[in-house]
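Step one of this worksheet: look at the structure below.
Chains as they are written, first to last, in this note's numbering: chain A, 1 to 511; chain B, 512 to 1022; chain C, 1023 to 1533.
Here you go:
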């Protein structure tokens, strides 16, 4: 911002020249300076790329907030949107304090961002001479490691992924979850549940070592989070939605199902566009390198799969129920994006379309199965979108990775290949990663749910609060105070005692 | 995401060193390695730039969706937003399958992105020894060309431009267009209409060759799409809106006009901001090179023209009708952005303000002329914003290009100059490009409209559907189910037979 | 967009080779070419970074529009959103014509963007041999300076900051401010008020020279605008809101306060997410250099402070008023972001959390003090968010800057250190900067308010207009015409004479 900012930069470039100039001929020192300057530029390109991509992933929080709020009722809109808003900050600080150290303590040198000094794997098991990492333990509160820019850039990028996973359960538990329970549960997600599974796959942990240790392909490979982010979110959503139970009036005694349409379809569809926009960041940024030109392939595969998912979901609904349902188109696009997240860097464009197209059908079928057969009430379809299609995404990589990318991944030589390209071991590693997510995340989510219940005295709001809408009782504010009849109309007079009074700014105006 | 990602990068940089090192002195090989590393960095910078810009252009889809939905009625909001949502995926897959090959088969080497091997001009005419390209034919389904990152990055950037054009007609035809007709028409836009005109101008086709072949300036020059994207969208909108006819109740028997205000002005204005944000990507990204520092000029000219358009539209309405109309301010901003899209890289800042300022007046005049005189019903003003101001944009380049940029454009030496800077031939090439758009796109749009009518049995919904609102009959969902009185209130009971039943998730709740 | 674009780039890189090649040995000239290519790449990286960051800051306008409109009533929503929409263009053109020359005429060479030829400090005072810059005077209308890309890129980045400040008062004065008064006042903000204070701090003016001239640390340091942008906006909001007076019905005769809740909480919270997204651009872009790897630290500190602010505000309200208020969580997040804006590059991660956490409490206390005690009516809390926390931000830098960054800042050697790290002089410079803002901006805002009143005949709408809602009388359009009962219901018939008629497109439809 001021004229002196250029100096630091100049120094960085000329400094290697000075060092190199001691005792070597002029041409050599000039060439070495040019090499050093180029290397510094490459790191800068990768910083720019990783950070911009991270900002886009952060913006996905707005997309989730709009999708989930649009798909719920007006009387709960303030509650739903506030969960989506606060999960960002609550889970972030938990991750900063504890989670990042557990997840990334085990990450070694990151060449693309200029390198860490150290982040070692503190907790591991050794079985038969093979070491299996469980989690790290360095970098709590972003202290205790060298205060270097690469650590911070890497932290930011990992944090926004964690927050994507953390916001998924808020959709499945919407319209009946106590805000206090949400807050405590989100702390546990950011501090423990997400980081541990992420360590196994992205922190050099035991799933990543399945290749090196057992010869199963490159170990569990998940480019940008089909399992680490989306299955984790989906499994947490499944476990906690099953425990929390359905919304009042959702299922009838005779087993039939009542529809509860969301209050704002345009909001949900705009939110889906924001998610698709942010998804570019998620997938292309996972190179951690703008200098890895594979980013062109990744970005195009990402958008093709989302498109295919929206179209097959549209056709499925149109053919089966006679209308091209807007909600399921949105969920179809998201399902395609979830599914391509793991394989985006490893497959051809036609494969990307295939993966997305299957996802669009899968999400419709899953929604009807989970809602209609299992009677697990998931207002926004989070389990089907993120859980089911996260699993499909990692398996799709195990089937369709085409052997043109990934040399050296998880320390295994050669490119990543799926079953159809000759490596059944890769598919096995993918399946093991999926199973580990269902079991590992499932058990941790169950424990976190129980602990939360103890801390805040149960997860569920009172029946009369659910009936009237959660906005005033839980949040002290209506979403749409100028149209109280669409929200908790009668609440305004009937529940005067539920809400606080005395402070002008916060008291609902007599309308 | 893992430690091994850096290796690919390292290889890319050091590989030239190995090649260069055979038999040359050490200093030379070091210098050559440094040169190669720098060249690789430049390509990476251009990839980062082109992809980030492409993501911003993709996000314009959300802006269009909000502007168009905000400017239509609540009873059609689910239908309008869903057209805007699905045009992204439908037209994308058509472009992937067919359109890209037609458009870009004729593009040669793209130095800024590291180069294609081949993409030749398959179909052309030779007249008097001069060759005029018509369209390409390589790269259907992104196969058949080398599976290289530059092709993918270029595809992404071109695709999002196509989708911008494809979404424009959905505004002009809103509130009365059958969803099935929309879907089929959009396939034809993505596969044929857009790619062919884009080939003529951006694929080295006959409009691009007007300079080299006939000496008309640099041929038809359109930096970022005033004609290729916006006129194409506007002409398609004009033709199809004229054929589809006005909304019921829009024009009275005595020739007077009824206003039909949009249901959500804040939504439309936020959408305009999103468009202005994404427009940066559209204009600056069209360098395909972050290493072309002209991007600074382009970005500033873009925002100045948009500002000027919003202000002159505001003043026009304020002076003429006594109120500073919000809708026309938004359209004025968009008109300024459309008009600067072609000349943004070629003009001074004062010229950018002039171009945008004229656009703001032009859009108001055009809206009143098309609505009040021609009685063509365009709910969102798409024809005036994109068609009229797209034409103004390419002509403005022909008048005001200042001779400081564009050396070598379309194979013609020297910078691009408009009439006021000494080159009347450039203005002629611009006018020919505009005429070719009106005629070429117009005829193709007419044909596509007729073909679509045959495929789906007509374009227009039944009168009673239009009266009640398209949301339930066409989409099976209300936009705002918690406030049915603003949507298709009575529909809920009256058209029970129109909507499907049986599936809980999809059946509108009894409110 | 065309094949020839690569040529300009090639020229740029090889040109130094040609110059260097005269009379030097081959290896040397190759090395020099590589060096020149690397230097060009570094400039390109910084252009890319600065422009992308600038686009993100521009997008904050959409966030402000949503926050302010969501926090006001439906009957004034078209008026509020239109002020937020038009301030972008109006203030931009004023800044282009006049403001940029006043602010940045005094900026010297900007190495990170490749350098200006000249932009000198035209107006200054010399006291006792020391020179104190007051404002510049070169570059009106972006003419009169060399037409170079760095100037344009720098202009864009500075302009979007100015517009951020200019939009802040529209929130504090909402629901009662004449649109004409808003328009004239905004011209004065963009042309004069903002640029002059910005020159003092960022243009090498007298506040920047406090270090060099008086030995007070590095002079007034504000990395990304806690004082320059946010205090400036907050002080303007304070002065003009105090002069304009409260909304009708806000304060009772007995001194008690009535709450006037905003009409759309989800809109406000989504807007907050957009602001948090854009804030990354604001803070990281202020390096003007993607090659300054400190951007990793800056981005992470930014998001941590925002998270901490939202959490402490939530806890404050929850503990004190028994509900976790959504509006104050949003304001807490914004307060944390405002506060970290000055110190983001200079502090540790734990300090960032501390700074944001304090901000979250401060904003709650300030809202209740300003509303409940001072009886200054600020519908969106702009004074508390931007003014109070802008001051806290610059003081926090003076306390917590840790001495690891900022060598050479404002021409002072050594890194920036706060009081707790050994430099009380820095805190003094920060306090002087804050005082100068309160006095300087305060006086200019007062003068601008009075001048505006003379030009347009007063600032305040008539009482009956305020009662009915400003949308139809001021803007000629309702925000939500399909739900007139939530807007100015009765206005439709009662104020027929207030609104214009005759033009179909603009006349409210009989509903």
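For every residue, glycine included, the Cβ atom is placed at its ideal position computed from N, Cα and C.
Residue i at chain C interface by Cβ criterion, 8 Å
| i | result |
| --- | --- |
| residue 482 (chain A) | yes |
| residue 67 (chain A) | no |
| residue 783 (chain B) | yes |
| residue 55 (chain A) | yes |
| residue 96 (chain A) | yes |
| residue 961 (chain B) | no |
Closer than 8 Å to chain B by CB, residue i
| i | result |
| --- | --- |
| residue 1414 (chain C) | no |
| residue 41 (chain A) | yes |
| residue 1210 (chain C) | no |
| residue 1177 (chain C) | yes |
Within-8 Å CB hit, residue i to chain A
| i | result |
| --- | --- |
| residue 592 (chain B) | yes |
| residue 717 (chain B) | no |
| residue 1371 (chain C) | yes |
| residue 1392 (chain C) | no |
| residue 600 (chain B) | yes |
| residue 797 (chain B) | no |
| residue 690 (chain B) | yes |
Buried or exposed by the 16-neighbour rule on C-beta atoms within 10 Å, applied to residue i
| i | result |
| --- | --- |
| residue 878 (chain B) | buried |
| residue 1197 (chain C) | buried |
| residue 1435 (chain C) | exposed |
| residue 1298 (chain C) | buried |
| residue 1384 (chain C) | buried |
| residue 1392 (chain C) | buried |
| residue 131 (chain A) | exposed |
| residue 284 (chain A) | buried |
| residue 887 (chain B) | buried |
| residue 1292 (chain C) | buried |
| residue 772 (chain B) | buried |
| residue 845 (chain B) | buried |
Endpoints, the beta strand (DSSP E) within which residue i is located
| i | result |
| --- | --- |
| residue 133 (chain A) | 130-135 |
| residue 636 (chain B) | 634-638 |
Residue i - containing alpha helix (DSSP H), residue span
| i | result |
| --- | --- |
| residue 1202 (chain C) | 1201-1210 |
| residue 1222 (chain C) | 1216-1224 |
| residue 673 (chain B) | 660-683 |
| residue 1101 (chain C) | 1099-1116 |
| residue 1057 (chain B) | This structure cannot settle anything about residue 1057 (chain B), because the visible part of chain B is limited to 512 through 1022. |
| residue 364 (chain A) | 349-368 |
| residue 1122 (chain C) | 1122-1126 |
| residue 845 (chain B) | 837-852 |
Stretch-stretch touch, CB-based, cutoff 8 Å, three pairs: the stretch 85-93 of chain A with the stretch 174-190 of chain A = Yes, the stretch 85-93 of chain A is in contact with the stretch 174-190 of chain A.
Taking only runs that begin and end inside the stretch 1232-1317 of chain C, name each unbroken alpha helix (DSSP H) of 4 or more residues, in chain order.
-> Fully contained in the stretch 1232-1317 of chain C are the following alpha helix (DSSP H) runs of length 4 or more, in chain order: 1232-1236, 1254-1266 and 1287-1307.
Could you tell me which uninterrupted alpha helix (DSSP H) segments, each at least 4 residues in length, are contained entirely in the stretch 905-973 of chain B, listed from first to last along the chain?
-> Taking only runs of at least 4 residues, the alpha helix (DSSP H) segments lying wholly in the stretch 905-973 of chain B are 935-947 and 953-967.
Contact the stretch 947-956 of chain B vs the stretch 735-750 of chain B: 3+ CB pairs below 8 Å | Taking one beta carbon from each stretch, the stretch 947-956 of chain B and the stretch 735-750 of chain B have 3 or more pairs nearer than 8 Å; the two touch.
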